[in-house]
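Enquirer: Just dropping this structure here.
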Amino acid sequence: MKAVLMTTAGEPEVLQLQELPDPKIEKDTEILVRLHAAGVNPIDTKLRKRGTFYPDQMPAILGCDGAGVIEAVGSGVEKFRVGDEVYFCCGGLGTKQGNYAEKVVVDEKFIAYKPKTLSFAEAAAAPLVIITAWESLYDRGRLEAGRKVLIHAGAGGVGHVAIQLAKLQGAEVCTTVSTQEKADFVRQLGADRSIFYKQTDFAQAALDWTEGEGVDLAFDTVGGEIFFKTVPAVKVYGDLVTILEPDTTQGNLKTARLRNLRISLELMLTPMLQGLIEDQRHQAKILTESARLIEQGQLKIHVSQTFPLAEAAAAHRLLESGSVTGKLVLLIDN
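Everything in the sequence shown is counted per the UniProt record's numbering, starting at 1 for the first residue and increasing by one.
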């Protein structure tokens, strides 16, 4: 099979298309998927640049998100059959093969049926961002109807899904954006207010929006100083969820403590990294429920651009530019 191989950490050029042996089913619960598309996520660019979680197991094939058609199943697979269209988030962290390839082997506990209304490209763009937004808002933030939410980078991969999930829960949403084009985009997703963070103090804008009280839940998808600048925008006893590790060189938690905030750290990769089977099944259930929402027209996945598998490096360069709306996807010819 053809696959994009990362032989060392570095710039996008370290990603090279090569011919490799097809992966084989080794456990009875595994499934062989012929991939049609692979999502490109910030975790991919970070691992490419700094090295994978398992540097002693190089070279590596990146890509956590995949969508394709089942080609073979292990003897213990119960739910899926050859020919089923599926999507999932699995592999690509440096130990198990990722999805920048024509074929991949995945355990059935990670897999869900692909939403019928999505193309393979849209389906491959969905899993990581859906699970991240779902766990952040629903599991970590315990979002309820009537709450007010601040979502950073609402036009981004995780952000554009988070806006929709928050609205589905009955919340009011304000979100940070950088351009009028992105403001128009998030408004179509249901955002109640856009804050142009380059021209406006977003924390003050959020306070004004909530009549000085602060939002019930803030969702930080940016990190760095943004995490600490968000603290004053959250109401006393409110929730602040971040998908980045707080960098204490850029701030401190004194104000958060004074406001008695509940701070939650979200890493949707934890079940994969820790081998937590029940949590892996929970994430597959999230994808199954999300497929229902997608098929009902209540949840949309925006793919801004696709690239051939051989141009994975170009996709990484564009993603690292920081200007992407929605998601980037690699298309895989079979």
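Glycine included, each C-beta is placed from N, C-alpha and C at the ideal position.
Could you have a look at Ser136 and say whether DSSP puts it in helix, strand or coil?
Expert: Reduced to three states, the DSSP call for Ser136 is helix.
Enquirer: With which residues is Val173 paired in a DSSP beta bridge?
Expert: Val149
Enquirer: Take every Cβ of the stretch 217-229, pair it with every Cβ of the stretch 242-256, and state whether three or more of those distances are shorter than 8 Å.
Expert: yes
Enquirer: Mind reading off the beta-carbon distance from Ile301 to Glu122? Whole number of angstroms is fine, and I expect it under 8 Å.
Expert: 5 Å
Enquirer: Leaving out the 5 sequence neighbours to the left and right, which residues in its chain are closer than 7 Å to Gln18 when beta-carbon positions are compared?
Expert: Ala3, Leu5
Enquirer: Among Gln164, Leu331, Leu168, Glu135, which one has its Cα closest to the Cα of Met268?
Expert: Glu135
Enquirer: Counting pairs of Cβ atoms below 8 Å between the stretch 197-209 and the stretch 157-165, do you hit three or more?
Expert: no
Enquirer: Arg48: which of Ala206, Arg262, His316, Leu299 sits nearest, CA to CA?
Expert: His316
Enquirer: Where Leu276 and Val73 are concerned, what is the direct C-alpha to C-alpha distance, given to the nearest angstrom?
Expert: If you draw a straight line from the Cα of Leu276 to the Cα of Val73, it is about 22 Å long.
Enquirer: Does DSSP classify Phe53 as helix, strand or coil?
Expert: coil
Enquirer: I need the boundaries of the beta strand (DSSP E) containing Phe196, first residue and last residue.
Expert: Taken as a continuous stretch (DSSP letters only), the beta strand (DSSP E) holding Phe196 covers 193-196.
Enquirer: Hey, how far is the Cα of Glu144 from the Cα of Pro59?
Expert: 44 Å
Enquirer: State buried or exposed for Gln274, treating a residue as buried only when at least 16 other CB atoms are found within 10 Å of its CB.
Expert: exposed
Enquirer: When the Cα atoms are used, what is the spatial distance from Leu328 to Lys235?
Expert: 35 Å
Enquirer: Between the Cα of Leu330 and those of Asp22, Thr288, Ser119, spot the shortest distance and give me the residue it belongs to.
Expert: Ser119
Enquirer: List the endpoints of the continuous beta strand (DSSP E) containing Ile263.
Expert: 262-265
Enquirer: What's the gap between the Cα of Gly154 and the Cα of Ser75?
Expert: Answer to the nearest angstrom: the Cα atoms are 43 Å apart.
Enquirer: According to DSSP, Ala101 sits in a beta bridge with which residue or residues?
Expert: Ala3
Enquirer: Would you grab the beta carbon distance between Ala256 and Val231 for me? Rounded to a whole angstrom, and I think it's under 8 Å.
Expert: 5 Å
Enquirer: What residue range does the alpha helix (DSSP H) around Pro271 cover?
Expert: Pro271: member of the alpha helix (DSSP H) spanning 270-274, first to last residue.
Enquirer: Closest by CA to Asn260, which one among Tyr237, Ala9, Gly251?
Expert: Tyr237
Enquirer: Let me make sure I understand the geometry here. Which of Cys174, Gly10, Gln169, Thr8 has the alpha-carbon closest to that of Asp208?
Expert: Cys174
Enquirer: Shortest alpha-carbon distance to Lys148 belongs to which of Ala233, Val106, Phe185?
Expert: Ala233
Enquirer: Considering only their Cβ atoms, is the gap separating Tyr87 from Lys114 smaller than 8 Å?
Expert: yes
Enquirer: For the alpha helix (DSSP H) containing Phe219, list its first residue and its last residue.
Expert: No alpha helix (DSSP H) contains Phe219, which is instead part of the beta strand (DSSP E) from 215-220.
Enquirer: Going by alpha carbons, who is nearest to residue 347 out of Phe219, Arg292, Ile294?
Expert: Nothing about residue 347 can be read from this structure; the chain reaches only from 1 to 334.
Enquirer: So, helix, strand or coil for Ser304, using DSSP?
Expert: In the three-state reduction of the DSSP assignment, Ser304 falls in the strand class, which pools E and B.
Enquirer: Out of curiosity, what's the CA-to-CA distance linking Thr307 and Ala314?
Expert: A quick correction: the sequence has Phe, not Thr, at residue 307. Straight-line Cα distance between these residues: approximately 8 Å.
Enquirer: Along the chain, where does the beta strand (DSSP E) that runs through Phe88 open and close?
Expert: 85-89
Enquirer: Among Ser321, Thr117, Ser323, which one has its Cα closest to the Cα of Gly297?
Expert: Thr117
Enquirer: Leaving out five residues on either side along the sequence, give the residues of the same chain with a beta carbon under 7 Å from the beta carbon of Gly83.
Expert: Val69, Ile70
Enquirer: Kindly identify the DSSP beta-bridge partner or partners of Ile31.
Expert: Val73, Val106
Enquirer: To the nearest angstrom, how far is it from the Cα of Leu62 to the Cα of Ala310?
Expert: Near 13 Å, if we compare the C-alpha coordinates of Ala310 and Leu62.
Enquirer: So, helix, strand or coil for Thr288, using DSSP?
Expert: helix
Enquirer: Can you tell me whether Lys235 is helix, strand or coil according to DSSP?
Expert: strand
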